[in-house]
Amino acid sequence: MQPIGVFDSGYGGLTILKEFKKKMPVYDFIYLGDNARTPYGNRSFETIYKYTLQAVEYLFAQNCHLVIIACNTASAKALRTIQQKNLPKIDPNKRVLGVIRPTVEKVGELTKTNHIGILGTVGTVNSESYVIELNKIFPEIKVTQEACPMWVPLVENGETNNEGADYFIKKHIRALLDADKKIDTIILGCTHYPLLMNLIQKNIPSGIKVIAQNEISALSLIDYLNRHPEIDTECSKNSSVKFLTTDSTEIFNQRGQMFFNEKLVSEKIILD
Ligand code: DGL
């Protein structure tokens with residue numbers, strides 16, 4: 036078995052895995068949620084890098100040839116260093132990919148005004164990863180970012196559809212749209228945020244598109260494997276999905292269902 040590893044700080048990556056499974060049903064996947072140490076969003080570069088590297092190494096030890104970091108914060112803070120510094124030493128044939136680049140590549144097709152908004156964690160926003168990547172491919176696009184530090188904790192705690200959540204969603208969407216009135220496309224730059232979609236849509240004026248990353252990430256992975264048959268042959272295809280968590284399996288099995296829309300059974304592991 037050589038499953039594709041999918042990693043997130045907690046449950047958010049399950050929204051991406053769900054789409055991988057739907058669009059790539061023959062592949063094997065192994066999901067790792069670092070629920071014991073989530074959220075990553077407000078942590079330092081050193082901490083996020085250390086935690087992400089531990090997760091990637093763990094997944095490699097499970098025989099993964101390809102690992103997808105299905106977390107914007109970890110993609111923003113740790114991916115490049117892992118690709119450039121660690122991977123050549125661990126195994127130059129293995130691959131680690133993130134979710135920011137595929138999202139950025141898609142944005143050019145979506146905006147008409149060339150003004151886009153990014154909603155993300157403090158870590159993702161402060162890293163400026165979206166701004167830097169967008170500037171490289173679409174220098175004509177104006178990017179405005181807004182950090183939403185409360186959104187991941189709301190989702191991780193299942194508080195996704197109440198007055199409290201509505202308050203924090205309204206607050207950040209207003210701030211984003213006040214900062215640039217020409218925004219016509221908003222990227223949910225965090226894999227947890229699709230769980231808040233109902234309230235997000237309710238607070239966004241019609242005519243502004245809201246883009247989640249699940250479909251974009253799946254289509255981009257399919258395209259990547261088509262272009263890299265040497266990696267594709269290293270991915271086993273028996274339609275299996277395995278779940279690992281660094282915290283309570285009971286809680287993961289119960290809350291994870293919210294993200295994955297299916298019953299799931301997890302195993303506990305220790306990362307350190
Ligand atoms: N799902 C992660 C992301 O996409 C959440 C980050 C966190 O743990 O704060 O950014």
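Residues in the sequence shown are numbered from 36 upward in steps of one, following my numbering.
For every residue, glycine included, the Cβ atom is placed at its ideal position computed from N, Cα and C.
Only a predicted model underlies this, so the values are computations on that prediction, with no experimental measurement involved.
Near ligand 1: residue i beta-carbon under 7 Å from a heavy atom
i       : result
Pro-74  : yes
Ser-44  : yes
Thr-284 : no
Thr-159 : yes
Gly-133 : no
His-227 : yes
Cys-106 : yes
Gly-155 : yes
Gly-193 : no
Gly-47  : yes
Val-300 : no
Val-178 : no
Val-187 : yes
Residues bridged to residue i [DSSP beta-bridge criterion]
i       : result
Lys-277 : Ile-65
Thr-159 : Beta-bridge pairing links Thr-159 to no other residue.
Ile-153 : Gln-180, Ile-222
Leu-132 : Ile-103
Lys-10  : Residue 10 is absent from the model: the chain starts at 36 and stops at 307.
Cβ-Cβ separation, residue j to residue i (assumed contact under 8 Å), whole Å
i       : j       : result
Ser-301 : Phe-278 : 4 Å
Ile-218 : Leu-212 : 6 Å
Thr-156 : Thr-108 : 5 Å
Lys-272 : Asp-63  : 7 Å
Ala-105 : Gly-48  : 3 Å
Asn-70  : Asp-282 : 4 Å
Delimiting residues of the alpha helix (DSSP H) encompassing residue i
i       : result
Glu-250 : 249 to 262
Lys-124 : 122 to 125
Ser-164 : 164 to 172
Glu-285 : 284 to 295
Tyr-86  : 80 to 96
Gly-48  : 48 to 58
Lys-147 : Neither: Lys-147 is in no alpha helix (DSSP H) and is coded neither H nor E.
Asn-233 : 232 to 237
Leu-189 : 186 to 191
First through last residue of the beta strand (DSSP E) which encompasses residue i
i       : result
Ser-43  : It should be pointed out that residue 43 corresponds to Asp in this sequence rather than to Ser. From DSSP, the beta strand (DSSP E) with Asp-43 extends over 39 to 43.
Ile-246 : 244 to 246
Glu-302 : 301 to 303
- Pairing CB atoms from the segment 257 to 265 with CB atoms from the segment 228 to 238, are three or more of them under 8 Å? no
- Take every Cβ of the segment 105 to 114, pair it with every Cβ of the segment 77 to 97, and state whether three or more of those distances are shorter than 8 Å. yes
- Counting pairs of Cβ atoms below 8 Å between the segment 119 to 127 and the segment 176 to 192, do you hit three or more? no
- Touch test, the segment 95 to 104 against the segment 126 to 139, Cβ-Cβ under 8 Å, three pairs minimum: yes
- Message: With three or more C-beta pairs closer than 8 Å as the rule, is the segment 75 to 83 touching the segment 286 to 300?
- Response: no
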